[in-house]
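Residue numbers (our numbering): 1 to 252.
Built from N, CA and C at the ideal position, the CB exists for glycine as well.
A quick write-up on the structure given underneath.
See the structure below:
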């Protein structure tokens with residue numbers, strides 16, 4: 001979040017840039033959940049935002065609407081698009097309700113795996129890296145051990161079809177404290193299943209990544225403001241997830 005120290009440091013950096021070259025305007029990239037009235041946004045000479053309409057939420061045309069609304073309120077300001085897009089050339093195989101029990105039979109309607117099974121997609125090309133994230137949809141079914149056994153079936157299938165790929169196993173995200181206390185989306189169940197996932201990582205070709213520290217509050221639950229339903233992270237915060245994943249790389 002933005003605090004007084006962060007604001008002061010950015011003021012100092014902005015002033016330094018002006019002293020080093022008074023002829024050049026300053027700018028700064030902002031995540032698009034930051035309100036454009038915030039003092040941090042007003043700090044530099046040129047405003048700049050990372051927008052992801054058409055990728056993580058909404059439609060491509062929403063970018064036009066966003067800029068039109070901004071210019072209507074600030075007609076004399078220069079505004080730039082500092083970042084747009086997703087994870088580059090990544091292929092996505094995902095669908096609502098996907099779980100370890102139905103993944104092999106699923107045929108998502110969007111993304112690279114559109115109307116294809118996972119096997120068909122993995123047989124079409126060789127991947128350098130494969131990221132798996134499963135488990136939230138079936139928290140109410142089975143035990144951690146029985147669930148992990150089916151997870152292992154999927155992992156073995158991916159390994160067989162992509163023998164040269166580095167595989168990253170992402171932890172199941174925690175839910176908010178209220179959701180955990182009142183439903184079967186319990187964080188104790190999530191922690192037990194994440195512990196099972198972690199056992200599959202050999203830290204040579206299979207690695208475990210826990211992104212929960214990015215989104216958790218002080219109690220170890222999903223921060224309430226990051227979620228609309230207590231389970232899923234809101235789309236504007238996906239950039240935090242993405243940036244955390246960018247920290248993990250393997251050189252072979």
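Exposure label - residue 171; buried when at least 16 CB within 10 Å: Around the C-beta of residue 171, 16 or more other C-beta atoms lie within 10 Å, and the residue is accordingly described as buried.
Under 8 Å between C-beta atoms of residue 84 and residue 118: With respect to the 8 Å criterion, residue 84 and residue 118 are not classified as neighbours on the basis of their beta carbons.
Three-state secondary structure assigned by DSSP to residue 24: Looking at residue 24 - three-state DSSP - the assignment turns out to be coil, as it is neither helix nor strand.
Alpha-carbon to alpha-carbon, residue 134 and residue 207: Roughly 15 Å between the two C-alpha positions.
The region 157-166 touching the region 209-226, judged by at least three CB pairs closer than 8 Å: Contact check between the region 157-166 and the region 209-226: fewer than three CB pairs, one atom from each, fall below 8 Å, which does not count as touching.
Whole-Å CB distance - residue 132 paired with residue 169, under 8 Å assumed: The beta carbons of residue 132 and residue 169 sit about 5 Å from each other, so the pair counts as a contact at 8 Å.
Per-residue burial, residue 108 [other beta carbons within 10 Å of its own, 16 or more giving buried]: The residue in question, residue 108, is buried, as its Cβ has 16 or more Cβ neighbours within 10 Å.
Minimum C-alpha distance to residue 48 - residue among 70, 59, 225, 60: Shortest Cα-Cα distance from residue 48 to any of 70, 59, 225, 60 involves 70.
Cα-Cα separation between residue 27 and residue 214, rounded to whole angstroms: Rounded to whole angstroms, residue 27 to residue 214 spans 26 Å at the Cα level.
Beta-bridge pairing of residue 35 - partner residues as DSSP gives them: The partner list for residue 35 (beta bridge, DSSP) is empty, contrary to what the question assumes.
DSSP beta-bridge partners of residue 49: Per DSSP, 30, 81.
Cβ-Cβ distance between residue 167 and residue 205 below 8 Å: Contact: yes.
Close beta carbons around residue 224, own chain, < 8 Å, minus the five adjacent residues each side: 176, 177, 178, 217, 230.
CA-to-CA distance, residue 90 to residue 103, given in whole angstroms: The alpha-carbon atoms of residue 103 and residue 90 are separated by roughly 19 Å.
Residues of its chain near residue 77, where Cβ-Cβ distance is below 7 Å and the 5 sequence neighbours each way are ignored: The answer, listed in chain order, is 47.
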